[in-house]
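Peer 1: Below is one structure. I have some questions about it.
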Amino acid sequence: TNTPTSTPTLMPTVTPTSTPTSTPTMTAMPTDTLTPTITQTPDGSPPSIDSLEINKGALTTTSTNVILDLAAHDPTDGVAEMSFSNDQSAWSAWQPFANSVSWTLGGGDGTKTVYTRVRDFAGNLSPIGSATIQLDTRTAPEFSISINQGTLYTNQVTVTLTIGARPLTSKMEVSNDGGFNVPQEPYSSQKEWTITAYDGTVLPRTVYVRFRDRDGAVVGTATDDIILDVNAPTGSVSIGATNESQNLADNVTLKLNATDDLSGVGNMRISNNSSFTGVAWEPYAPTRSWTLAKNKVVFVQYRDNAGNISKTYATTTCTTLPAKPKLITPKKGSTVNDLQVALDWSDARCGTTFSLVVKRDSQTGKTVDKLKKVPVSQHTTKPLQKGKTYYWRVTACNKNGCAVGDWWSFKVK
Numbered sequence: 015t016n017t018p019t020s021t022p023t024l025m026p027t028v029t030p031t032s033t034p035t036s037t038p039t040m041t042a043m044p045t046d047t048l049t050p051t052i053t054q055t056p057d058g059s060p061p062s063i064d065s066l067e068i069n070k071g072a073l074t075t076t077s078t079n080v081i082l083d084l085a086a087h088d089p090t091d092g093v094a095e096m097s098f099s100n101d102q103s104a105w106s107a108w109q110p111f112a113n114s115v116s117w118t119l120g121g122g123d124g125t126k127t128v129y130t131r132v133r134d135f136a137g138n139l140s141p142i143g144s145a146t147i148q149l150d151t152r153t154a155p156e157f158s159i160s161i162n163q164g165t166l167y168t169n170q171v172t173v174t175l176t177i178g179a180r181p182l183t184s185k186m187e188v189s190n191d192g193g194f195n196v197p198q199e200p201y202s203s204q205k206e207w208t209i210t211a212y213d214g215t216v217l218p219r220t221v222y223v224r225f226r227d228r229d230g231a232v233v234g235t236a237t238d239d240i241i242l243d244v245n246a247p248t249g250s251v252s253i254g255a256t257n258e259s260q261n262l263a264d265n266v267t268l269k270l271n272a273t274d275d276l277s278g279v280g281n282m283r284i285s286n287n288s289s290f291t292g293v294a295w296e297p298y299a300p301t302r303s304w305t306l307a308k309n310k311v312v313f314v315q316y317r318d319n320a321g322n323i324s325k326t327y328a329t330t331t332c333t334t335l336p337a338k339p340k341l342i343t344p345k346k347g348s349t350v351n352d353l354q355v356a357l358d359w360s361d362a363r364c365g366t367t368f369s370l371v372v373k374r375d376s377q378t379g380k381t382v383d384k385l386k387k388v389p390v391s392q393h394t395t396k397p398l399q400k401g402k403t404y405y406w407r408v409t410a411c412n413k414n415g416c417a418v419g420d421w422w423s424f425k426v427k
């Protein structure tokens, strides 16, 4: 805001006398000048850190490699970037904000603190947040246990325990609750074990081992924990609005979104065909440049850090109906030996989902198997009857409508 103020300034004027050699006189005349005063309005409030957890809130770790879970918000512009430090002096480079990130603790056993800060799109910086964990990297303890070689996550309740004990250890007891109300068993360095099947609020899953010598005396205990995540991530994929009318040979920008409640989204894979043949997993990112193929459809899957794979998501730039899908195997009119028959069809141009129907004896016969609007181009049937003829067809759909394919038949020998 500009606020004018009046400040007198002396301006000299010269008044000559009648004699050229006389001394001139100076008269002070007031003038007004504007001195600007600028007031700036702040661009939003600084963001806030809601929580920071190390290894899902675990109290201890044996590795300097950990997973940080961060929650933050900004009331105005949104949280843009984050940075981390082990000492509040040396900070990591600013990186796009994410709810989960890998981090390396400082060296040396003991209490370790991780600090974090975030900033919004206007550049406002949050207060510093922190979390602590006990680091114990001793490589040869008298007694030890490791679940699945020390991994942080699993999607199976059956795990492998690697158990270490000092010489002359004879017996051990393994427990999910630390109560050891279980039978003693001979000491073994490896054991298959079923972790607790509590509901999702019990994190992490902990396994306890108690050791006994030859006399039956308790000589030590050990524990380890792991996070059980049995749920696949969910997500979506779309093509940036500026790309909707582009030719299929042009590059487009994919907008990718995925969430996972426990272990976090770790990877994604992207393909121009629904089978993902030869496609490698890559780190998850919210955007990706991509070149569409002739079918004008892109397929995406997400995988969380526990190994759970999402269903397939698909999108297209097409503004027309899809082409009719072409059936591939089994060949039209052929005879097959298997009771469960592998059906295969092509990815129809512009088709993002496919519906399948299998009927017995005729095209109007009893429906024995079906799929409804799934982004796949293969299916293995339920067990079929010997000596029967089956008819099948596939319908391709997208956001503009559907195209019904032709009927084919095969006979089960």
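The sequence shown begins at 15 in the numbering used here and counts up one residue at a time. Where a beta carbon is used, it is the ideal one built from N, C-alpha and C, also for glycine. Predicted, not measured: the structure shown is a model, and the values here were computed from it.
Using CA coordinates, which residue listed in Leu306, Ser62 and Pro110 is at the minimum distance from Asn286?
Peer 2: Leu306
Peer 1: For Thr329 versus Leu385, is the C-beta distance shorter than 9 Å?
Peer 2: no
Peer 1: Would you decide whether Ile342 is buried or exposed? Buried here means 16 or more other CB atoms lie within 10 Å of its CB.
Peer 2: Around the beta-carbon of Ile342, fewer than 16 other beta-carbon atoms lie within 10 Å, marking it exposed.
Peer 1: Would you grab the beta carbon distance between Asp239 and Arg219 for me? Rounded to a whole angstrom, and I think it's under 8 Å.
Peer 2: 6 Å
Peer 1: Whole beta strand (DSSP E) runs in the stretch 329 to 398 with 3 or more residues, listed along the chain?
Peer 2: 341 to 343, 348 to 350, 356 to 359, 367 to 374, 380 to 388 and 392 to 394
Peer 1: Using only the alpha-carbon positions, how far apart do Asn351 and Val426 sit?
Peer 2: 6 Å
Peer 1: Apply the 10 Å Cβ neighbour rule to Val314 and answer buried if 16 or more other Cβ atoms are within range, or exposed otherwise.
Peer 2: buried
Peer 1: Can you name the start and end residues of the beta strand (DSSP E) that Glu206 belongs to?
Peer 2: For Glu206, the enclosing beta strand (DSSP E) has its first and last residue at Gln204 to Thr208.
Peer 1: Which one or two residues does DSSP pair with Tyr201 in a beta bridge?
Peer 2: Partner(s): none; Tyr201 has no beta bridge.
Peer 1: Would Glu206 and Val173 qualify as a contact pair, given that the criterion is a beta-carbon distance under 9 Å?
Peer 2: yes
Peer 1: DSSP three-state label for Gly164, please.
Peer 2: helix
Peer 1: What span of residues does the beta strand (DSSP E) with Trp295 cover, start to end?
Peer 2: Unbroken run through Trp295: none, as it is neither H nor E.
Peer 1: Can you look up Asn261 in the DSSP assignment and give me helix, strand or coil?
Peer 2: Bear in mind that the predicted position of Asn261 carries a pLDDT of just 47, short of 50, making it unreliable; the figure below should be weighed with that in mind. Asn261: coil per DSSP, three-state reduction.
Peer 1: Quick one: Cα of Asp83 to Cα of Pro247, how far?
Peer 2: Those two C-alpha atoms are separated by around 16 Å.
Peer 1: Go ahead and label Thr409 buried or exposed: buried means 16 or more other beta carbons lie within 10 angstroms of its beta carbon, across all protein chains shown.
Peer 2: Answer is buried; the Cβ neighbour count reaches 16.
Peer 1: Would you mind stating whether Ser144 and Val128 have Cβ atoms separated by less than 9 Å?
Peer 2: For Ser144 and Val128, yes; Cβs fall inside 9 Å.
Peer 1: Quick one: what's got a C-beta closer than 7 Å to Ala85's C-beta in the same chain, skipping five residues either side?
Peer 2: Asp64, Ser65 and Asn113
Peer 1: Sorted by chain position, which residues of the same chain lie with C-beta nearer than 7 Å to His393's C-beta, five sequence neighbours on each side aside?
Peer 2: Leu357, Leu370 and Leu385
Peer 1: Does the contact criterion of 3 or more C-beta pairs under 8 Å hold for the stretch 220 to 227 versus the stretch 190 to 203?
Peer 2: yes
Peer 1: Residues in the same chain with beta-carbon distance under 6 Å from Val390, minus the five sequence neighbours each way, listed in chain order, please.
Peer 2: Ser288
Peer 1: So, at 6 Å on beta carbons, what are the nonlocal neighbours of Leu353 in its own chain, with the 5 sequence-adjacent residues on each side left out?
Peer 2: Within the same chain, and ignoring the five residues on either side of Leu353 in sequence, the residues whose Cβ sits closer than 6 Å to its Cβ are Pro397 and Leu398.
Peer 1: Quick check: what's the CA-CA separation for Ile253 versus Pro300?
Peer 2: 12 Å
Peer 1: When you compare the CB positions of Ala231 and Ile159, do they come within less than 9 Å of one another, or not?
Peer 2: Against a cut-off of 9 Å, the Cβ pair of Ile159 and Ala231 comes out as no contact.
Peer 1: Taking the DSSP output, what are the residues bridged to Pro110?
Peer 2: Glu95
Peer 1: With three or more C-beta pairs closer than 8 Å as the rule, is the stretch 176 to 193 touching the stretch 88 to 108?
Peer 2: The stretch 88 to 108 is not in contact with the stretch 176 to 193.
Peer 1: How many angstroms separate the CA atom of Trp359 from the CA atom of Phe368?
Peer 2: 10 Å
Peer 1: Could you say which of His87, Asp420, Thr403 and Thr333 lies nearest to Lys413 if we only look at CA atoms?
Peer 2: Of His87, Asp420, Thr403 and Thr333, the smallest CA-CA separation from Lys413 is found for Thr333.
Peer 1: Whole angstroms are fine: how far does the CA of Arg302 sit from the CA of Phe135?
Peer 2: 21 Å
Peer 1: Do you know how far the Cα of Thr366 is from the Cα of Asp420?
Peer 2: 18 Å
Peer 1: Just confirm the distance between the C-beta atoms of Val80 and Trp117, as a whole number of angstroms; I'd bet it's less than 8 Å.
Peer 2: With a beta-carbon spacing of about 6 Å, Val80 and Trp117 fall inside the 8 Å limit used to define contacts.
Peer 1: Is it buried or exposed for Gly278, if we count other Cβ within 10 angstroms and need 16 for buried?
Peer 2: buried
Peer 1: Taking 8 Å as the limit between beta carbons, can you name the residues of its chain near Gln260, skipping five residues before and five after?
Peer 2: For Gln260, the predicted model reports a pLDDT of 48, less than 50, meaning its position is unreliable and no value from the coordinates is stated.
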